[in-house]
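Residue numbers (our numbering): 127 to 1134.
Working notes for the structure below.
Right, here's the structure in full:
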């Protein structure tokens, strides 16, 4: 494999050593293809990038460079065989390098992995990743516009890696060793507030509070001097916390057995201790690991601190030796054979009474029955699932003493979160903590064991059964009969919920199954629900499942699939699950049939990750043909929704070409139209693919039978979506016809798809954000009523854009929160990219410039790897330009023409039309160009009530009315200019933008 290095001077190497990359233009071609990250680079673009003025024969020269590179990179390739690495990809070339073959991609993967790793592992990963850097990225091409953007982006990721390495070192208590590297980092990047904060924290943890505060003071001075802004909220809060010596700034320390969530139970026991004029009994019960002993220990420590005498006796599981009461008497100094009485308060703890012999149980009941015992609190703990006949009899006798009873159930989710924070020094994600609670059911012992596994194995460890838990469960299972254990293993195949009808059919003996279930409920392995039993813990079920051999499990799964298909044939998800786990015991075509039906159900209930998994299973079991095409498009839809857009586009192109090859327009229409994934952005990510899809859709429309209205509408929407922001009439006409068909058919899903097409065709002039808002409003209602989650998300994203456009940030906030909530519930990662950009936009609009800069940089990092180049390219420097921050050596991508001082072109009619047009207005104002100013004033006037660029939900260039006022001044219309500036005041006030309010007032003063 050929490896490439771009984190420094360009280099390539294979198993023979370094590869000779020929001359500087050969190297430039290779670097340009590496920048494209596998995407095709048209030959015309290569020519423009290689020469300022292309010479005659430039295309032939590029072909020569490519040929020489192919020979150098694949020296063993036979003559006249196509290259598999540097490939022809009309209209140009692409480099198909493996992801781990490029040092930049290995670096980014390591940084991403470190983010989910424990501090020790993260530190090693980040040290290795940072060691890949040999100098500035694409060092020899730093002055080339095509390399600057990628080099800048990689440098941003490097800065993130430096910060995360420091965070890992701080978490490991290595604050002192972090300081020099962090100070060097800050010296090179003085405006990065995160780095300043980490330096201050490291200094504070090494006992240098004064130096920490001085670091923050210098940060404030640098931000004021360079940007004219105060530090962001995080730095201000850190300064206040350092001044207050806030406890949370100290390094986190591990607590092996924290006392969490049992405060009400402890209070009940303390109340019992407060009324010991006569002997009192308190009984603490719960399942194994619930924390009975820990609660009794905490009570003992508290009462001892108040002057109580305490004695502790644990009942052994194996009989023999000295009993607990004998040991407790000796500890209390009671002579052998003498009666026990107490003059001062005494706590007696009998732990694990489920293992107590009859003599010990008799002592417990006699102590509390005898009033002469004195001020004594007797606490007995026992497992509620292991009550022996002797213990049951003793509890019956003790009832006359009216004991205080405390039952310990599972900890709540917040209590488990608290326990996790106390146990580990690392930060666990909310999803990880949620999983710990779900798998442990709040059992403290299970939580601790899961956390031990997580500490060593990271997030994958949360999906395993810890060895300690497995041993405890196996030990407890030994108390059941062999028949009951077998039935429980069969029940484990069914899942967490035990369908008794299916289990009885699987076993073939109803009475035996019911006996086994009852014994498992008494033992605490199962719990009763209203209509069926359920495993008490996921870890119990998984232990039982994994303790069965694979051969036995596959047969049970196959039998369960047969039973469910016979009794509940519509339960395709359950049938598919068991067939997939039955392996070779199930026929491939049968498995594919049910997996396809389950995948379609998953799509309907907005579970795209599950749908993607099932579609892959279908594809693994079907041959080439129509069925495979349907499955392929199902996978394409799921991948697009879950964020793997690059792979979705590749597979979509493959499916479309294969479908048209069949020569069946109905099949082709079905394949093309099945991609009903919402689209929010007005620039295509792959123009070549979009052009192919439109051409194929138009050909298919012409051949489609007239009665296939549903297929026709989907083809029309495809045309509208792929020709988004169409400068001609075709896209809009296609969208309107599709909408009319959808309304006529009464198909809500089709109508939602058509409304998406209409949305993407509402950019023919400025000021159409309210129109798009109305489309979004109808789409939102339609999606909510019909359970169309992905279109509900789209409606909220449209709501963010249309609300932000008019400065209604409260409404935009509501849409952003709703979109994030839906994304979290349905695992839609791409949504967070757009809401992160909106959060940065909000900071920009409200005048929090330094925070907005940091937020934009963070949001830009989330775009990396999403497969949305139509959105990503050049967006970060363009957004910063709206803040007045012009990035040095930035790769402006498609926005470069609007960053020039003069000769700015007309803007495409898309989501950023108002933003680009206002930049043209600024240039016309600077140049005093009345002719251009006249045209731009007319173009922008319909958007007077909007914020330039905010209709994208991403960027902001101030009130359009402010720009209109400036244009009116150039045109000598001071009266109109004043009116525009007054309107700018209204828009700025509505948006809560103090800096824009000031600018509008100053401009208004100048016109008076």
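For glycine and all other residues, C-beta sits at the position ideal for the given N, C-alpha and C.
Note that this is a predicted model, so its numbers are computed, not measured.
Discussion item. I'd like the ranges of any alpha helix (DSSP H) spanning at least 4 consecutive residues and lying wholly in the region 1054-1116.
Written reply: 1056-1066 and 1086-1096
Item to complete: May I have the straight-line CA-CA distance separating residue 1027 from residue 178, to the nearest angstrom?
Response: Locating residue 1027 in the chain shown gives position 901, where the first residue counts as 1. Locating residue 178 in the chain shown gives position 52, where the first residue counts as 1. One C-alpha to the other measures close to 20 Å.
Fill in: Paired residues, beta bridge with residue 168 - DSSP
Here residue 168 refers to the residue found at position 42 of the chain shown. DSSP output for residue 168 lists 218 as bridge partner(s).
Worksheet item: Among the residues of its own chain, which have a CB less than 7 Å from the CB of residue 361, if the five just before and after it don't count?
Response: Position 235 of the chain shown, counted from the start, is the residue given in the question as residue 361. Once the five neighbours on either side are set aside, the close Cβ partners of residue 361 are 319, 322, 323, 342 and 345.
Discussion item. I'd like to confirm the pairing. Which residues does DSSP put opposite residue 660 in its beta bridges?
Written reply: Position 534 of the chain shown, counted from the first residue, corresponds to residue 660. DSSP, once it has assigned bridges, lists 623 and 653 as partnering residue 660.
Worksheet entry | Proximity below 8 Å, CB of residue 147 to CB of residue 230 | The residue given as residue 147 occupies position 21 in the chain shown. The residue given as residue 230 occupies position 104 in the chain shown. Going by C-beta atoms, residue 147 is not nearer than 8 Å to residue 230.
Worksheet item: Below 8 Å between beta carbons: does that hold for residue 683 and residue 704?
Response: The count along the chain shown starts at 1 and reaches residue 683 at position 557. The count along the chain shown starts at 1 and reaches residue 704 at position 578. The answer is yes: Cβ separation under 8 Å.
Discussion item. Please list the terminal residues of the continuous alpha helix (DSSP H) segment that includes residue 645.
Written reply: Stepping through the chain shown from its first residue, residue 645 is reached at position 519. That run of the alpha helix (DSSP H) goes 636-648.
Worksheet entry | Cross-strand partners of residue 509 (DSSP beta bridge) | Here residue 509 refers to the residue found at position 383 when the chain shown is read from its first residue. Per DSSP, 412.
Practice prompt. Measure from the alpha carbon of residue 632 to the alpha carbon of each residue in 681, 656, 599 and 170, then state which is nearest.
Written response: Mapped onto the chain shown, residue 632 falls at position 506. For residue 632, the nearest C-alpha among the options comes from 681.
Discussion item. Please report the straight-line C-alpha distance between residue 1011 and residue 668, rounded to a whole angstrom.
Written reply: In the chain shown, the residue the question calls residue 1011 occupies position 885. In the chain shown, the residue the question calls residue 668 occupies position 542. Cα-Cα distance, rounded: 55 Å.
Worksheet item: For the region 197-264, which segments carrying the beta strand (DSSP E) assignment without a break, of at least 3 residues, lie completely within its bounds, in sequence order?
Response: 212-215 and 218-221
Worksheet item: When the Cα of residue 84 is compared with those of 1098, 1082 and 1077, which residue comes out closest?
Response: Outside the modelled stretch of the chain, which goes from 127 to 1134, sits residue 84, for which no answer is possible.
Worksheet item: Are residue 886 and residue 865 close, meaning C-beta to C-beta below 8 Å?
Response: Residue 886 sits at position 760 when you count from the first residue of the chain shown. Residue 865 sits at position 739 when you count from the first residue of the chain shown. The answer is no: Cβ separation not under 8 Å.
Discussion item. Please return the same chain residues whose Cβ sits closer than 8 Å to the Cβ of residue 957, not counting the five positions on each side in sequence.
Written reply: As a working note, residue 957 is residue 831 in the chain shown. Correct list, in chain order: 919, 923, 945, 946, 948 and 949.
Worksheet item: What's the gap between the Cα of residue 519 and the Cα of residue 563?
Response: Position 393 of the chain shown holds residue 519. Position 437 of the chain shown holds residue 563. For residue 519 and residue 563, the distance between alpha carbons rounds to 35 Å.
Item to complete: Just confirm the distance between the C-beta atoms of residue 486 and residue 450, as a whole number of angstroms; I'd bet it's less than 8 Å.
Response: Counted from its first residue, the chain shown places residue 486 at position 360. Counted from its first residue, the chain shown places residue 450 at position 324. Confirmed, Cβ separation roughly 6 Å.
Practice prompt. Ignoring anything shorter than 3 residues or poking outside the region 688-725, list the beta strand (DSSP E) runs there in chain order.
Written response: none
Discussion item. What does the alpha-carbon distance come out to for the pair residue 595 and residue 603?
Written reply: If you number the chain shown from 1, residue 595 lands on position 469. If you number the chain shown from 1, residue 603 lands on position 477. Rounded to whole angstroms, residue 595 to residue 603 spans 12 Å at the Cα level.
Worksheet item: Touch check for the region 279-297 and the region 1018-1035: three-plus C-beta pairs under 8 Å?
Response: no
Discussion item. With three or more C-beta pairs closer than 8 Å as the rule, is the region 528-538 touching the region 564-582?
Written reply: yes
Discussion item. Quick check: the Cα distance between residue 1091 and residue 1110, rounded to an integer number of angstroms?
Written reply: Residue 1091 sits at position 965 when you count from the first residue of the chain shown. Residue 1110 sits at position 984 when you count from the first residue of the chain shown. The straight-line gap from Cα to Cα measures roughly 9 Å.
Discussion item. Counting C-beta neighbours from all protein chains within 10 Å, is the total for residue 566 16 or more, i.e. buried, or is it exposed?
Written reply: Against the chain shown, residue 566 aligns to sequence position 440. Flag for residue 566 reads buried.
Worksheet entry | Cβ shell of residue 869 (< 7 Å), same chain only, five flanking positions each side left out | For the purposes of this step, residue 869 is taken as the residue at position 743 of the chain shown. Excluding sequence neighbours, residue 869 sits near 877.
Item to complete: Decide if residue 182 is buried, meaning its Cβ has at least 16 other Cβ atoms within 10 Å, or exposed.
Response: Within the chain shown, numbered from 1, the residue matching residue 182 stands at position 56. Answer is exposed; the Cβ neighbour count stays below 16.
Discussion item. Under 8 Å: do the region 1039-1047 and the region 1061-1075 share three or more Cβ pairs, one atom per stretch?
Written reply: yes
Worksheet entry | Segments assigned beta strand (DSSP E), at least 3 residues, entirely inside the region 969-1022 | none
Worksheet item: Which residues share a DSSP beta bridge with residue 438?
Response: Here residue 438 refers to the residue found at position 312 when the chain shown is read from its first residue. Partner(s): 475.
Worksheet entry | Minimum C-alpha distance to residue 818 - residue among 781, 897 and 583 | To locate residue 818, count along the chain shown from 1; it is residue 692. Out of 781, 897 and 583, 781 has the C-alpha closest to the C-alpha of residue 818.
Practice prompt. Have a look at 902, 822, 692 and 793 and flag the residue whose alpha-carbon is nearest the alpha-carbon of residue 834.
Written response: Taking the first residue of the chain shown as position 1, residue 834 is located at position 708. The shortest C-alpha separation from residue 834 is found at 793.
Practice prompt. Report yes if the C-beta distance between residue 627 and residue 693 is below 8 Å; otherwise report no.
Written response: Within the chain shown, residue 627 is the residue found at index 501, counting from 1. Within the chain shown, residue 693 is the residue found at index 567, counting from 1. In contact: residue 627 and residue 693 (Cβ atoms closer than 8 Å).
Worksheet entry | Inter-residue Cα distance where the pair is residue 1195 and residue 623 | Summary: the structure shown does not reach residue 1195, with the chain confined to residues 127 through 1134, and so no result is reported for it.
Discussion item. Could you compute how far the alpha carbon of residue 465 sits from the alpha carbon of residue 498?
Written reply: Counting from 1 along the chain shown, the entry for residue 465 is found at position 339. Counting from 1 along the chain shown, the entry for residue 498 is found at position 372. The straight-line gap from Cα to Cα measures roughly 10 Å.
Practice prompt. Using the DSSP secondary-structure output, state which residues sit across from residue 140 in a beta bridge.
Written response: Within the chain shown, residue 140 is the residue found at index 14, counting from 1. BP columns for residue 140 point to 143.
Item to complete: State the start and end residues of the unbroken beta strand (DSSP E) segment that holds residue 530.
Response: Mapped onto the chain shown, residue 530 falls at position 404. Where residue 530 is concerned, the enclosing beta strand (DSSP E) stretches over 530-534.
Worksheet item: Which two residues bound the contiguous alpha helix (DSSP H) that contains residue 572?
Response: As a position in the chain shown, residue 572 is number 446, starting the count at 1. Taken as a continuous stretch (DSSP letters only), the alpha helix (DSSP H) holding residue 572 covers 570-583.
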